[in-house]
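Only one structure is covered here, and it is reproduced in the block below.
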Amino acid sequence: MQLTDLPCEVVERILLGTNALRVLSLRRVNRLFCAVLSDPFVVASIVKRIVAALPFLQTRKASLRPSCVDRAWLSSWRCLPSDQRLFARIALDSLTAIHWNRAGLTGTIPNAFADCVNLRSLHLAANQLSGPIPDSLPPNLITLDFHSNVLAGHIPLSISTLTSLTVLRLDNNCLTGPIPPTIGNLHFLTTFSAHNNQLTGRIPDSIGTLSHLEILDLHRNHLTGPIPPSISRLSHLRHLDLAHNRLCSTLPQDLQRLLNLRTLHLQYNLLSGGIPAEWNALRALEEVKLHGNHKMDLRIPIALKRRYEMVRVLLRSGAYQ
6 MQLTDLPCEV VERILLGTNA LRVLSLRRVN RLFCAVLSDP FVVASIVKRI VAALPFLQTR
66 KASLRPSCVD RAWLSSWRCL PSDQRLFARI ALDSLTAIHW NRAGLTGTIP NAFADCVNLR
126 SLHLAANQLS GPIPDSLPPN LITLDFHSNV LAGHIPLSIS TLTSLTVLRL DNNCLTGPIP
186 PTIGNLHFLT TFSAHNNQLT GRIPDSIGTL SHLEILDLHR NHLTGPIPPS ISRLSHLRHL
246 DLAHNRLCST LPQDLQRLLN LRTLHLQYNL LSGGIPAEWN ALRALEEVKL HGNHKMDLRI
306 PIALKRRYEM VRVLLRSGAY Q
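Each position in the sequence shown, counted from 1, maps to that position plus 5 in the working numbering.
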């Protein structure tokens, strides 16, 4: 007998006899199973009954990842009364990871996440979440991914208290205001991406204290001032993208210390001066973009012409001999 041959009431009883979080985290589901759950009335009935039971679950390590079933559930959840919403009814202290990317979520990010004291990974990317980033977040996060929503307001200072954080992705939102100087407290950060926002002010000097940083991507904002010399202390940096801002300094000579740097994107700023001959030390560099800085002298220095690979990279960037 196929699952689709069963009455909806029977399917509901099967689901209700299974640990709710286990059902919610299913990654591989029979297509026929999905077909049954495509009926919104069945899904709504199941969700209402299982959500009511969620506070009593004793699962110690639960990870919520949306499969096609989860998306149907989340769609129905958004139609439930606010006092029964899933965020507010899960046994929050049991969760270690939430992966709800591309789940069709709307509304604001609830403050209830701060109660997820064991949460290590929070992924809410590619939804339609709006409003500010909550001031209170799970204290032990390692990965925080809010990219591709419509979040607004400032980057909260409280993010700097997440001292275990290694990945911070806030790109493709509507965030405004400065990058908080306390970002330098995130000593284990390897990825900081906040491109395609409306951030203003200077890049804080404290960025240079992120000694493990490998990816720094702040392109397409409204950042001003010089490129902070402290960036040259990021010895593990592989990707630096500050393009499409209003940065107005000369190119830092100390970038030669970034021996692991592979991509350097600085195009469409207000940079001036020439290409430093000291860049000869950037042996790992594979891609440079400098065009769109109309005050820059893009002639390749004689000291760099001896390195064929560097010349080739610079010519592609808009420089000339």
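For each residue, glycine too, the CB sits at the ideal point set by N, CA and C. Quantities reported herein were computed from a predicted structural model and do not represent experimental measurements.
By alpha-carbon positions, which one of the options ends up nearest to residue i?
i           : options               : result
residue 222 : 235, 195, 214 and 230 : 195
residue 284 : 160, 263, 167 and 185 : 263
residue 242 : 230, 273, 250 and 219 : 219
residue 3   : 203, 144, 131 and 132 : Any property of residue 3 remains undetermined from this structure, which presents the chain solely from 6 to 326.
residue 136 : 257, 115, 127 and 176 : 115
residue 147 : 101, 255, 296 and 288 : 101
residue 125 : 138, 142 and 307      : 142
residue 162 : 140, 296, 149 and 150 : 140
residue 119 : 109, 206 and 149      : 149
residue 207 : 171, 251 and 303      : 251
residue 129 : 122, 302, 123 and 109 : 109
Reducing DSSP to helix, strand and coil, say where residue i ends up.
i           : result
residue 102 : strand
residue 302 : strand
residue 272 : coil
residue 126 : strand
residue 157 : strand
residue 206 : strand
residue 220 : strand
residue 196 : strand
residue 283 : helix
residue 109 : coil
residue 150 : strand
residue 182 : strand
residue 297 : coil
residue 277 : strand
residue 135 : strand
residue 309 : helix
residue 170 : coil
residue 63  : With a pLDDT of only 32 at residue 63, under the threshold of 50, the placement of this residue in the model should not be trusted; the figure read from the coordinates follows. Three-state result, residue 63: coil.
residue 27  : Interpretation of residue 27 is limited by its pLDDT of 42, a score under 50 that renders its predicted location unreliable; no figure is taken from the coordinates.
residue 164 : helix
Is it true that the CB of residue j sits closer than 8 Å to the CB of residue i?
i           : j           : result
residue 197 : residue 173 : yes
residue 181 : residue 152 : no
residue 192 : residue 168 : yes
residue 164 : residue 127 : no
residue 294 : residue 272 : yes
residue 292 : residue 268 : yes
residue 257 : residue 237 : yes
residue 248 : residue 217 : no
residue 245 : residue 261 : no
Going by beta carbon distance, what residues of the same chain come within less than 7 Å of residue i, once the five residues before and after it are set aside?
i           : result
residue 63  : In this predicted model, residue 63 has a pLDDT of only 32, less than 50, meaning its place in the structure is not dependable; the value taken from the coordinates is given anyway. Counting only Cβ-Cβ distances below 7 Å, and skipping sequence neighbours, we find nothing.
residue 289 : 264, 265, 266 and 267
residue 297 : 272 and 273
residue 259 : 234 and 237
Apart from the five residues on each side of it in sequence, which residues of its chain come closer than 6 Å, Cβ to Cβ, to residue i?
i           : result
residue 53  : Residue placement at residue 53 cannot be trusted, given a pLDDT of 45 that sits under 50; the coordinates are not used to answer.
residue 189 : 211 and 214
residue 107 : 131
residue 154 : 132, 134 and 178
residue 270 : 246, 248 and 294
residue 302 : 279
So, at 8 Å on beta carbons, what are the nonlocal neighbours of residue i in its own chain, with the 5 sequence-adjacent residues on each side left out?
i           : result
residue 253 : 229, 230, 231, 274, 275, 276 and 277
residue 209 : 183, 184, 185, 186, 188, 189 and 233
residue 203 : 179, 180, 181, 226 and 227
residue 156 : 114, 134, 135, 136, 137, 138, 175, 178, 179 and 180
residue 171 : 147, 148, 193, 194, 195, 196 and 217
residue 306 : 279, 280, 281 and 282
residue 235 : 210, 211, 212, 213 and 214
residue 111 : 83, 132, 133, 134 and 135
residue 205 : 181, 182, 183, 226, 227, 228 and 229
ask   = Which runs of the beta strand (DSSP E) spanning at least 3 residues fall entirely within the stretch 222-268, listed in chain order?
value = Segments of the beta strand (DSSP E) lying fully in the stretch 222-268: 227-230 and 244-246.
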